[in-house]
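Asks:
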Ligand SMILES: [Zn+2]
Ligand SMILES: [Zn+2]
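Right, here's the structure in full:
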């Protein structure tokens, strides 16, 4: 896939009203970047390599072979089992996020191929309630794992999440067990599961399915951890070490297989899947 | 078993010629101890609790129910496969140790019961070539594991060893794999294996069967590790931290289940075996 | 030390005690008066505990004197022997683990452990495990599978420790691994929430075929205080957060998150720990017995089905 | 950089090179002279390498330029992708691990890794793993079992690191666990000793159904230097210790410790690494093919039987 195709749809849609957003400032190096350049560079700062967050549709286009994607998410809709209300009722929050993202909850994906390997790809949407995992995210992941197992597909999950969704309380917590246990359906069939951690991946998402993949890749500089840095700072009453909880730190501490820049993410993923998926693993007869 | 019985045999044998050894100096607290007091106290310093090394026959008597012990070791004899010679031929060393200990190699034990639980107990003999593991020790342990599995016994190994026996070179090394793999015979039959680490347990013995038990107990203050303290000191060119590689240090670092004083060793072992051995684990029907 | 809503009860109890002492000392008959006060006390206790707010239950769940893991292994089980260490890095005192006998059969037990004094609490890190604690728990799961012993977990933690050292050693990774490992147990697994069931740190040993909860315990994805700090931007709103989180035993029973509530004696488990433990022993015995007919694969599937159901969604 | 016994060979090679250059420069025919020297060189090389002492082989085994794990994954395998970390504490650069393709099929590869420069060697800790390295290796064994891929290990270490940090994190424990884990592999496992096979640190990934050794590699329970220091109380007696330890490929083949010697090209693998790697590739292919018919349980039993035989004893 030509890289400049990645954002074609958005550019077409966005039309002429984008004028005030033509320039962006990189939060890492403070360079002023022309937005089209940033998009053409996969939302990676051309100056310093800082990885901006990537939208879920762009993520799917980045990773799957052209023309292979069929969306499977979207039918599972959120409820408000606790009739939760803080400064705003949960229902209204959900409606706002649905409006903003066009999706019922914080996950998007479906079937497709990665350099020919049949795959089920799910991407968490940080734009929807901080990518938090409630019942819908948990259900889509469990369904995804089950479908991948049933259809002989690799499972790939791109994590981006502040953690579990507080507004579903204990039910959110249970999604950690549900998603984790659903992964075992892939084990039984010897199908691979690759986890891709992006900025940020914390809390109950890290502490369940995201940390349990056969191969764990992460984008550079992503915040990854269990507790958030603010909570930890409060706990220890000290400043946190430089680079703490960033991808490179986690690699050093043995938690990741590789930190992969976005431009190599697709080819690295494809290599892993070709080696692990039964269709690619034995080519002797081919 | 009355504690004062433990050394009965030795006292009877030793007779009157023990006079010059009537008093001993404790290496830990430097107290002068009357030898009979030390023996009556299971070779534990009555002043400071320092655990002197215990002979293998005394060890067997300490741990097994009275009258249940039948020796199984002794038929396996050492060879000199490399015709090894350093400052002294290996054959001559072996003959010297045989003379000194009355046993063909550095291990002694057999079948018996621990508070009724059928057990196969093996004790390494530090007095024989520093308890080093060559082919005989490896073979006796493999046979012990196989026999315990076949007869439905728990396996208990009391380790005391400077490591693998250099004079058998690669063949000694292979005993680490052989003993380790033989333990799996117990796994298949759900029979327990308890390891008791005594002073010292290092090198290839720690790094094989001794570290792989269902429950690992150690005597207080025992030196336990992979590399010996002298080697480590040479490597890092620094003094070693206080208490480094002692039982209590290993407990803190998560390697041991419990540090058990000798006076409680028998009862603790019995409790573990009654809980783990099939005959003790289900008493509901009894 | 007493909770605010306990004060009237405690005062009444004190008065009854005084009257008794006075009657004995002076050798006068005050049995009528004492009887009346006793009735009043019972009424007051019933009323108070029938109408506890969620926030009050959270306070009860944290009350010193409630049965902890160490109390339970000593009183509910027999022949307990503690096993230490993760065989990799350290022994974590915030998690207690070992072998024990329950109604004649061997079981493996793992539980969070808080201290009863400040010193103990510092040693136990207030029941907040490091990764080593969960690795110790996983080692116990291996042991349970190896010997075919039922696995009992006792949950009482504000959460896994949120510190630099814990992050460095993979707190998230080890919680995920523990959830997975427990899900795969080929033996019956019963989890009991004793006091606080704080988030992933609780769930890590909470993947039971049956999940029980003490009547005044709580279990949620976040503590009321932290939830209030984030959603209300004011930790003082913990009471409101506790209400919103629906984190009590009865809420969770309704949501299907727990299977059974273990009743606590009047006044709460911290006032009568022996009676609370007896109720727990009975519930545990029943649940373990009910699971006994299931084979290894059935137990795994049963656990999968149990958690697969969790959540509230609508399919379009 | 050259070893002492290599000097005459290297000098002769240099003279041949000079003559060639001279002949070309001056356009004279020196082919007769060169041919004679070539014959002499071949004779010398053959003689030298036919009569290597054990100590000389130890030096060859350590020679810079020999194929390392990273060379082999790049040249013997295809599509190698390195996988990092033990998912518990750290990534250990002294152990390299990953997935690769060999003759069309996926395999899991783990090997010790030394550096080729001092800087690299410091990074790789001279090929001496910490416990993390062995935990990474065990993770790879899990991966091999999970997907049913053959497991290939490449051994080249002076030994596991003998330092305080390694002891603190259970060096002995993790070596024992790795031996056990490898013994339980349900897939074909081939171990190759590339250079140095130093004690438990080597054996930890040496529990193969087949154990291969490069012609000039060594494998023993202790290095000649350490053995000399202990038994002779003089590290300078390393040569005598090397002789006594019988640690060469041919010795080990005779003792039944290794199954197959991979021949090295004349002059040693460090002088012709490509040819050495080609020989290794062929041997590896044959051994893996031979193991293919065995089922999971047969492979475990085969490995058990292989190591069960080891040792020299006499039964009375
Ligand atoms: Zn930048
Ligand atoms: Zn003393």
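Chains as they are written, first to last, in the UniProt record's numbering: chain S, 1 to 286; chain E, 1 to 286; chain U, 1 to 316; chain R, 1 to 316.
Quick reminder that beta carbons are idealized off the backbone N, C-alpha and C, glycines included.
#1: Which complete alpha helix (DSSP H) runs does the region 189 to 220 of chain U hold, if anything under 4 residues is left out?
#2: Is residue 50 of chain E near ligand 2, going by C-beta to nearest heavy atom under 6 Å?
#3: In its own chain, which residues sit with a C-beta less than 6 Å from the C-beta of residue 211 of chain R, not counting the 5 before and 5 after it?
#4: Tell me whether the region 270 to 277 of chain S and the region 116 to 131 of chain S touch, counting them as touching only if at least three CB pairs, one residue from each stretch, are closer than 8 Å.
#5: Could you check the C-alpha separation between residue 129 of chain R and residue 276 of chain S for me, to the nearest Å?
#6: In chain R, what lies closer than 7 Å to residue 173 of chain U by C-beta?
#7: Using a 10 Å radius around the Cβ and a threshold of 16 neighbouring Cβ atoms, would you call residue 31 of chain U buried or exposed?
#8: Would the beta-carbon of residue 45 of chain E be found less than 6 Å away from any heavy atom of ligand 2?
#9: Is residue 31 of chain E near ligand 2 - that is, is its Cβ less than 6 Å away from at least one heavy atom of it?
#10: Is there a Cβ from chain A that is less than 7 Å from the Cβ of residue 122 of chain R?
#11: What does the Cβ neighbour count give for residue 55 of chain R, buried or exposed, with the cut at 16 atoms within 10 Å?
#12: Hey, residue 117 of chain U and residue 96 of chain U are a contact pair by Cβ (cut 8 Å); roughly how many whole angstroms apart?
#13: Thinking C-alpha only, which one of U:152, U:309, U:165 and U:38 is nearest residue 291 of chain U?
#14: How long is the line joining the alpha carbons of residue 59 of chain E and residue 219 of chain E, rounded to whole angstroms?
#15: Give the residues from the region 197 to 214 of chain S that approach chain U closer than 7 Å (Cβ to any Cβ), ordered along the chain.
#16: Can you give me the Cβ contacts of residue 101 of chain U inside the same chain, cut-off strictly under 6 Å, excluding the 5 residues immediately before and after it?
#17: Which one of R:222, R:98 and R:119 has the shortest CA to CA distance from residue 109 of chain R?
#18: Can at least three beta-carbon pairs, one atom from the region 135 to 143 of chain R and one from the region 168 to 185 of chain R, be found at a separation below 8 Å?
#19: Leaving aside the five residues before and after residue 89 of chain R along the sequence, list all residues of the same chain whose C-beta is less than 6 Å from its C-beta, in chain order.
#20: Nearest to residue 134 of chain S by CA position, among S:214, S:175 and S:244, is which residue?
#21: Using only alpha-carbon positions, find the residue among R:144, R:219 and R:177 that is nearest to residue 189 of chain R.
#22: Grouping DSSP H, G and I as helix and E and B as strand, with all else coil, what is residue 126 of chain S?
#23: With a cut-off of 8 Å, do at least 3 Cβ pairs link the region 183 to 190 of chain E to the region 221 to 236 of chain E?
#24: For the alpha helix (DSSP H) that contains residue 229 of chain S, what are its first and last residues?
#25: Against chain E, which members of the region 205 to 231 of chain R pass a CB distance test of less than 8 Å?
#26: Have a look at residue 42 of chain U and residue 18 of chain U and give me their C-alpha separation to the nearest angstrom.
#27: Leaving out five residues before and five after residue 44 of chain R in sequence, what residues of the same chain have Cβ atoms less than 7 Å from its Cβ?
#28: If you draw a straight line from the alpha carbon of residue 190 of chain E to that of residue 231 of chain S, how long is it in whole angstroms?
#29: On the DSSP bridge assignment, give the partners of residue 133 of chain S in chain order.
#30: Using beta-carbon positions only, say whether residue 76 of chain S and residue 313 of chain U come within less than 7 Å of one another.
#31: For residue 162 of chain E versus residue 130 of chain E, is the C-beta distance shorter than 7 Å?
#32: If we define contact as Cβ-Cβ less than 7 Å, is residue 227 of chain E a contact residue for chain R?
#33: Counting C-beta neighbours from all protein chains within 10 Å, is the total for residue 13 of chain E 16 or more, i.e. buried, or is it exposed?
#34: Looking only at DSSP bridge pairs, what is residue 291 of chain E linked to?
#35: With the cut-off set at 7 Å, would you say residue 198 of chain U and residue 170 of chain U are in Cβ contact?
#36: Reducing DSSP to helix, strand and coil, say where residue 89 of chain S ends up.
Replies: Reading it off the structure:
#1: 199 to 203
#2: yes
#3: 191, 258 and 259
#4: yes
#5: 27 Å
#6: 87
#7: exposed
#8: yes
#9: yes
#10: Among the protein chains in the structure shown, which are S, E, U and R, there is no chain A.
#11: buried
#12: That pair is no contact at about 16 Å.
#13: U:152
#14: 12 Å
#15: 204, 206, 207, 208, 211 and 212
#16: 78 and 79
#17: R:98
#18: yes
#19: 132
#20: S:175
#21: R:144
#22: coil
#23: no
#24: 229 to 236
#25: 206, 207, 219, 220, 221, 222, 226, 227, 230 and 231
#26: 17 Å
#27: 8, 9 and 12
#28: 45 Å
#29: S:164
#30: yes
#31: yes
#32: yes
#33: Note that residue 13 of chain E scores a pLDDT of 42, beneath 50, so its modelled location is shaky and nothing firm can be said.
#34: In the structure as shown, chain E begins at 1 and stops at 286. Residue 291 of chain E is therefore absent and cannot be evaluated.
#35: no
#36: strand
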